[in-house]
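Colleague:
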Amino acid sequence: MALSGEVCVVTGACGFLGEKLVRLLLEEESLSEIRLLDRNIRSELIQTLEDGRGETKVSVIEGDIRDRELLRRACKGATLVFHTASLIDYNGAVEYSELHAVNVKATRLLLETCIQQSVSSFIYTSSIEVAGPNRCGEPIINGHEDTPYYSYPISNYSKTKLEAEQICLQANGELLRDGGHLATCALRPMFIYGPGCRFTLNKLRDAIRSGNVQHRLSQQSAKVNPVYVGNAALAHLQAGRALRDPEKRAVDLASKTSPFCPSFCCIFWRSSWRSCRPCSDAS
327 MALSGEVCVV TGACGFLGEK LVRLLLEEES LSEIRLLDRN IRSELIQTLE
377 DGRGETKVSV IEGDIRDREL LRRACKGATL VFHTASLIDY NGAVEYSELH
427 AVNVKATRLL LETCIQQSVS SFIYTSSIEV AGPNRCGEPI INGHEDTPYY
477 SYPISNYSKT KLEAEQICLQ ANGELLRDGG HLATCALRPM FIYGPGCRFT
527 LNKLRDAIRS GNVQHRLSQQ SAKVNPVYVG NAALAHLQAG RALRDPEKRA
577 VDLASKTSPF CPSFCCIFWR SSWRSCRPCS DAS
């Protein structure tokens with residue numbers, strides 16, 4: 327189902343995933359408007375988007391997603407929100423209060439704004455971190471969202487992402503101001519890689535500093551399913567289309583042929599013509 331005539335809001339629009347999603351949206355036929363919401367707008371990105379936008383209107387809203395008035399302006403007259411903005415913290419460097427304010431409170435505020443402004447569809451970028459692994463490091467093999475698995479969020483980041491996801495899903499079916507109902511969806515991508523991925527580059531820098539040894543926290547036999555940024559953006563686009571369907575049908579966004587690899591960064595090194603010693607297990 328095409329997004330013809332839709333007015334889309336993308337939070338974190340200048341981020342790694344958000345930018346790719348915006349570019350995909352610009353390829354949609356007869357999309358009415360895309361509103362880019364980010365606290366750090368990059369002028370060079372806006373220029374490239376303007377050059378390829380066709381008849382789709384591109385609006386820029388710069389500011390913090392914790393700003394209620396900013397969200398009201400962004401959502402007024404909108405029909406579909408992609409909430410990709412998030413404060414990411416894998417090593418405990420960010421205070422819990424800051425993570426909670428951005429990842430949880432801002433998500434709740436954005437959903438409340440959607441209800442007040444009668445925005446009918448909401449896509450939330452969650453994380454595989456909300457699913458596991460648990461404290462025992464037990465693997466999830468060929469699992470899905472209904473697979474029985476005991477898990478308690480370990481990090482503050484995963485705690486806030488889980489709480490925000492629950493808020494998003496609980497808002498599904500909420501009555502909108504215009505009498506309609508809100509449809510919500512949460513996507514849980516594994517770590518996202520691709521051109522400009524700071525996560526991968528930082529991992530490579532750490533490995534170089536460690537004598538070309540990449541440290542890992544998972545079991546050496548564990549398989550991971552990193553997702554290419556273009557595929558992650560496409561999953562959001564497909565979810566948006568599905569929520570616009572009157573029957574609100576669920577869409578299987580997983581592929582049985584998704585590439586699993588036990589040592590993604592080592593493969594990345596080899597493809598970059600660098601030598602990489604076997605990954606060491608961090609204890």
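Counted the way my numbering counts, the sequence shown spans residues 327 to 609.
Cβ coordinates follow ideal geometry from the N, Cα and C atoms, glycine included.
Quick check on this structure: which residue in 520, 362, 478 has the alpha carbon closest to the alpha carbon of residue 391?
Modeller: Taking the sequence shown and counting its residues from 1, the one referred to as residue 391 is at position 65. The shortest Cα separation from residue 391 among 520, 362, 478 belongs to 362.
Colleague: Just to confirm my understanding: we take residue 427, look at its own chain, exclude 5 residues before and 5 after, and list those with CB closer than 8 Å. What are they?
Modeller: For this step, residue 427 is matched to residue 101 along the sequence shown. Here the set comprises 392.
Colleague: Under the rule that 16 or more other beta-carbon atoms within 10 Å means buried, what is residue 562, buried or exposed?
Modeller: Translated into the one-based positions of the sequence shown, residue 562 becomes position 236. Classification of residue 562: buried, given that the 10 Å Cβ count is 16 or more.
Colleague: May I have the straight-line CA-CA distance separating residue 535 from residue 328, to the nearest angstrom?
Modeller: The residue labelled residue 535 in the question sits at position 209 within the sequence shown. The residue labelled residue 328 in the question sits at position 2 within the sequence shown. Roughly 48 Å separates the two Cα atoms.
Colleague: Are the beta-carbon atoms of residue 477 and residue 515 separated by less than 8 Å?
Modeller: Start at 1 with the first residue of the sequence shown, and residue 477 comes out as number 151. Start at 1 with the first residue of the sequence shown, and residue 515 comes out as number 189. Cβ atoms of residue 477 and residue 515: not closer than 8 Å.
Colleague: Straight-line CA distance for residue 400 to residue 445?
Modeller: As a working note, residue 400 is residue 74 in the sequence shown. As a working note, residue 445 is residue 119 in the sequence shown. Taking the straight line joining both Cα atoms gives about 11 Å.
Colleague: So, helix, strand or coil for residue 336, using DSSP?
Modeller: Stepping through the sequence shown from its first residue, residue 336 is reached at position 10. Reduced to three states, the DSSP call for residue 336 is strand.
Colleague: From residue 409 to residue 338, what distance separates their C-alpha atoms?
Modeller: Mapped onto the sequence shown, residue 409 falls at position 83. Mapped onto the sequence shown, residue 338 falls at position 12. The alpha-carbon atoms of residue 409 and residue 338 are separated by roughly 7 Å.
Colleague: Helix, strand or coil for residue 565? Go by DSSP, reduced to three states.
Modeller: Translated into the one-based positions of the sequence shown, residue 565 becomes position 239. Residue 565: helix per DSSP, three-state reduction.
Colleague: Taking a contact to mean a Cβ-Cβ separation below 8 Å, would you say residue 457 touches residue 466 in this structure?
Modeller: Residue numbering aside, residue 457 sits at position 131 when the sequence shown is read from its first letter. Residue numbering aside, residue 466 sits at position 140 when the sequence shown is read from its first letter. Against a cut-off of 8 Å, the Cβ pair of residue 466 and residue 457 comes out as a contact.
Colleague: Which whole-angstrom value describes the C-beta separation of residue 359 and residue 333, a residue pair presumed to lie in contact below a C-beta threshold of 8 Å?
Modeller: Taking the sequence shown and counting its residues from 1, one reaches residue 359 at position 33. Taking the sequence shown and counting its residues from 1, one reaches residue 333 at position 7. Indeed, because the Cβ distance is near 5 Å, the residues count as touching under 8 Å.
Colleague: Since residue 481 and residue 418 are thought to touch, with beta carbons under 8 Å apart, how far apart are those beta carbons, to the nearest angstrom?
Modeller: Within the sequence shown, the letter at position 155 stands for residue 481. Within the sequence shown, the letter at position 92 stands for residue 418. Yes, residue 481 and residue 418 are in contact; Cβ-Cβ is about 7 Å, under 8 Å.
Colleague: I'd like to know whether the C-beta atoms of residue 406 and residue 447 end up nearer to each other than 8 Å.
Modeller: Residue numbering aside, residue 406 sits at position 80 when the sequence shown is read from its first letter. Residue numbering aside, residue 447 sits at position 121 when the sequence shown is read from its first letter. Yes.
Colleague: Find out if the Cβ-Cβ distance for the pair residue 487, residue 557 is shorter than 8 Å.
Modeller: Along the sequence shown, one-based indexing puts residue 487 at 161. Along the sequence shown, one-based indexing puts residue 557 at 231. Contact flag unset, no.
Colleague: Check this for me: beta carbons of residue 497 and residue 569, under 8 Å apart or not?
Modeller: Locating residue 497 in the sequence shown gives position 171, where the first residue counts as 1. Locating residue 569 in the sequence shown gives position 243, where the first residue counts as 1. It is not a contact, given that the beta carbons lie outside the stated cut-off.
Colleague: Among residues of its own chain, excluding the 5 on either side of residue 469, which ones have a beta-carbon nearer than 7 Å to its beta-carbon?
Modeller: Along the sequence shown, one-based indexing puts residue 469 at 143. Hits under 7 Å: 475.
Colleague: Quick one: what does DSSP say residue 608 is sitting in, helix, strand or coil?
Modeller: On the sequence shown, residue 608 is found 282 positions in, with the first residue counted as 1. Here residue 608 scores only 45 on pLDDT, less than 50, and its place in the model is too uncertain to base an answer on.
Colleague: Under the DSSP definition of a beta bridge, which residues are partnered with residue 447?
Modeller: Along the sequence shown, read from residue 1 onward, the residue named residue 447 stands at position 121. In DSSP, residue 447 forms a bridge with 406, 509.
Colleague: Could you please give me the residues that DSSP links to residue 387 through a beta bridge?
Modeller: Within the sequence shown, the letter at position 61 stands for residue 387. In the DSSP output, where bridge partners are listed per residue, residue 387 has 363.
Colleague: Which whole-angstrom value describes the C-beta separation of residue 343 and residue 518, a residue pair presumed to lie in contact below a C-beta threshold of 8 Å?
Modeller: In the sequence shown, the residue the question calls residue 343 occupies position 17. In the sequence shown, the residue the question calls residue 518 occupies position 192. Contact flag correct, Cβ pair sits at about 6 Å.
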